[in-house]
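Report on the structure given below.
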Amino acid sequence: MNLSASEFYSSGADTTDVVLESAFFAKLKMRNGTFKLTQPSRFQELEVAVRPHVEERAGSLREVLDVGVSTGLTTVELAKFLGDCGSAASITATDLFIEAHIVELFPGFRVFCDPEGWPLQYDLRGVAIRPWIRRLDYVTLAFIPLMLGRSMLKARLRSRISAGVSRPVRMITRSLPSNGAIVFVENDIMCRSERFIRRFDMIRAANILNKGYFSPDQIVIAIGNIHAYLRGPGALLIVGRTNRAGENAATLFELNRDGSFTALERVGGGSEIERLVLDFRCPRLRTAIDRAPIA
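In the numbering used here, each number is its position in the sequence shown, counted from 1, plus 1269.
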């Protein structure tokens, strides 16, 4: 039986079961077509591989950015890993979808939705009902009421949220440490954030920048934003992807003084976008070189 959002968010944080939590979030389909998929301990082999490099720089790692964190479950594990390496870094965890609302439209019927009114789950007297459409629904014609419900409810949900007649919640893990070392921020990696410029000593972009979801041009834009977020030479970048078998293919990069990247460590043959990262050059730096006088 699927857990309803009302039931999930009503249970205490001290009773959190990460497996149950992951199962709840995995059934939520965002308005861009992605799911909140995450599993505990999925980056263990990656942490083992990069540990010597992180321990070597532990004292200089003050701020870390974790990109595309889904619920942040693996961000909690990253915080523990950094602590075990001797770093007291604070972590900023970003994802495109963090904020959500539980809206009661009438007694016995609640909708779990994002701030734009996109339904993530219907709750009919405690029974969770998915609002998204499967291929089979086109055969059974179940897509008709689902599409009608989504289009008819969206404006009403947004109105209730704007009026403050909703319960705001966050789609993040409840296993967060209580010391405030992790801060969650809604952010699109494709849109540069001025408050992140030259701020981070290490950035992890795991299970977000892959060729199956983004075009090479889009990935280069994301790499440019990540480059702008790194504090300076010596900063670290981890890029990787986990396949369906739970195996990781990742690369640890270091930012050079000339603005380029060097690969320090590889896991599973390296990241599928490794060449795009290594070939990246900061446009402003390239312009400066082009204008330099020839000796």
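Virtual Cβ for every residue (Gly too), placed ideally from N, Cα, C.
Asked: Alpha carbon of A1432 to alpha carbon of C1354, nearest angstrom; Found: 47 Å
Asked: Backbone secondary structure at A1561 - three-state DSSP; Found: With a pLDDT of only 40 at A1561, under 50, the local geometry of the prediction cannot be trusted, and no value is derived from it.
Asked: Extent of the continuous beta strand (DSSP E) run through T1511; Found: L1505 to T1511
Asked: DSSP-derived helix/strand/coil call for L1410; Found: coil
Asked: Straight-line Cα distance separating I1360 from I1488; Found: 23 Å
Asked: Own chain residues within Cβ distance below 6 Å of K1423, not counting five before or after; Found: G1386
Asked: Q1308 - partner residues in DSSP beta bridges; Found: None; Q1308 has no bridge partner.
Asked: Three-state secondary structure assigned by DSSP to R1290; Found: It is worth fixing the name first, because residue 1290 is Glu in this sequence and not Arg. In this structure, E1290 counts as helix in the three-state DSSP scheme.
Asked: For F1453 and Y1498, believed in contact at Cβ under 8 Å, the rounded distance; Found: So it is not a contact: roughly 16 Å between Cβ atoms.
Asked: Residue from S1273, K1298, T1303 and R1300 with nearest C-alpha to L1289; Found: S1273
Asked: Reference I1458, options A1475, E1534, R1439 and R1331, closest by Cα; Found: A1475
Asked: Status (buried if at least 16 other CB within 10 Å, exposed otherwise) for C1382; Found: buried
Asked: Bridge partners - C1382, DSSP secondary structure assignment; Found: H1370 and P1388
Asked: Where L1554 falls: helix, strand or coil (DSSP); Found: In this predicted model, L1554 has a pLDDT of only 43, less than 50, meaning its place in the structure is not dependable enough to derive any value.
Asked: Segment contact, 8 Å Cβ cut-off, at least three pairs: the stretch 1305-1317 with the stretch 1401-1420; Found: no
Asked: Beta-carbon proximity check, V1565 vs I1477, cutoff 8 Å; Found: Nothing can be reported for residue 1565: it is not among the residues displayed for the chain, which extend from 1270 to 1564.
Asked: Backbone CA spacing between R1425 and L1297 [nearest angstrom]; Found: 20 Å
Asked: For E1523: DSSP bridge partner residues; Found: L1505 and T1531
Asked: Three-state class that DSSP yields for D1364 in the structure shown; Found: strand
Asked: Exposure of E1541, with buried meaning 16 or more beta-carbon neighbours within 10 Å; Found: buried
Asked: Boundaries of the alpha helix (DSSP H) in which R1544 is found, first to last residue; Found: E1543 to D1548
Asked: Limits of the alpha helix (DSSP H) - the one that I1441 falls within; Found: Segment: none, I1441 is in no alpha helix (DSSP H) and carries neither H nor E.
Asked: Cβ pair count under 8 Å reaching 3, the stretch 1545-1552 against the stretch 1514-1530; Found: yes
Asked: Supposed close pair T1340, T1442 - CB separation, criterion 8 Å; Found: 5 Å
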